[in-house]
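Working notes for the structure below.
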Amino acid sequence: MSSTTKDAFEHRFHQAAQRHERAWVFLSVVMIAALFIAAVYLVVHDYGVVAKTTHIYADPNTPATLADFQGSGVKQTGPNSYSVYEMGRIWSWTPGSATPLTLPAGAHVTFYVTSGDVLHGFEIQGTSINLTAIPGVVGHVSYTFDKPGTYYIICNEYCGAGHQAMIGKIIITGRAHA
Numbered sequence: 000m001s002s003t004t005k006d007a008f009e010h011r012f013h014q015a016a017q018r019h020e021r022a023w024v025f026l027s028v029v030m031i032a033a034l035f036i037a038a039v040y041l042v043v044h045d046y047g048v049v050a051k052t053t054h055i056y057a058d059p060n061t062p063a064t065l066a067d068f069q070g071s072g073v074k075q076t077g078p079n080s081y082s083v084y085e086m087g088r089i090w091s092w093t094p095g096s097a098t099p100l101t102l103p104a105g106a107h108v109t110f111y112v113t114s115g116d117v118l119h120g121f122e123i124q125g126t127s128i129n130l131t132a133i134p135g136v137v138g139h140v141s142y143t144f145d146k147p148g149t150y151y152i153i154c155n156e157y158c159g160a161g162h163q164a165m166i167g168k169i170i171i172t173g174r175a176h177a
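Note that the sequence shown covers residues 0 to 177 in numbering that gives the first Met the number 0.
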């Protein structure tokens, strides 16, 4: 009789333990999922790390023919804001490689980036700007340059034999007067 009582007790004990273990495992998975979703939300929305696509063209050569990507590529859109239209081509950034971009400190800059040939990685060192330049796709990202100095535009996507020399410059001068 004692072994039957012992077996019944052990069976009930193991059932209760399994219920508790399942509840704790479920609670742990829910908490990890909630933390992951919150972290992704913060990175995407609060920090503005993810670039947005402005337009996708059927012909990959179309952005290179647009008026915005012609000339200096820098347009003042307000008293302290600028739009910069960057074209990546093997092995340079236009504007930025041949002549550096010069902007005032404190200016809010929106970069519109595309490629005229192959994939390029548009990264400005010392900032959170990092997006892929794709032929036929115009992506954009905004940033405010608070500190004067020289910022380098680099290609962080291998684009061919001269990839290592694909460097541009942005010179941020003293604080702008609004």
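We treat Cβ as the ideally placed atom computed from N, Cα and C, and that holds for glycine. As the structure is a computational prediction, the values presented were derived from the model and not from experiment.
Rounded straight-line distance, which links the Cα of residue j to that of residue i
i: Y84; j: Y111; result: 5 Å
i: A38; j: M30; result: 12 Å
i: N79; j: F25; result: 51 Å
i: M0; j: Q14; result: Reliability fails at M0, whose pLDDT of 48 lies under 50, so the model's placement of it is uncertain and the value that follows must be treated cautiously. Spanning the two alpha carbons is a distance of roughly 21 Å.
i: P94; j: V43; result: 28 Å
i: R88; j: G159; result: 11 Å
i: Y81; j: A33; result: 38 Å
i: H162; j: W23; result: 52 Å
i: L181; j: S71; result: In the structure displayed, the chain extends from 0 to 177; residue 181 sits before or after that span and is not available.
i: E20; j: S27; result: 10 Å
i: G125; j: Y142; result: 12 Å
i: I153; j: T98; result: 15 Å
i: Q75; j: D67; result: 12 Å
i: Y157; j: A164; result: 11 Å
i: D6; j: A16; result: 15 Å
i: T18; j: F12; result: The sequence shown places Arg at residue 18, rather than the Thr named in the question. Straight-line Cα distance between these residues: approximately 10 Å.
Proximity below 8 Å, CB of residue i to CB of residue j
i: Y56; j: G135; result: yes
i: A106; j: G173; result: no
i: I133; j: Y150; result: no
i: S96; j: G167; result: yes
i: T131; j: G120; result: yes
i: I123; j: K146; result: no
i: F144; j: L102; result: yes
i: V73; j: L100; result: yes
Nearest candidate by alpha-carbon position, reference residue i, set the options
i: G115; options: G105, W90, F12; result: W90
i: V117; options: M86, A16, I152; result: M86
i: N60; options: T113, D6, G161; result: T113
i: T53; options: L34, E20, V140; result: V140
i: Q69; options: Q163, W92, D58; result: W92
i: K51; options: I128, K5, A7; result: I128
Bridge partner(s) assigned by DSSP for residue i
i: K51; result: H139
i: T26; result: Contrary to the premise, residue 26 reads as Leu rather than Thr in this sequence. Its beta-bridge partners do not exist; DSSP assigns none.
i: M86; result: T93, T113
i: C158; result: For C158, which the question treats as bridged, DSSP gives no partner whatsoever.
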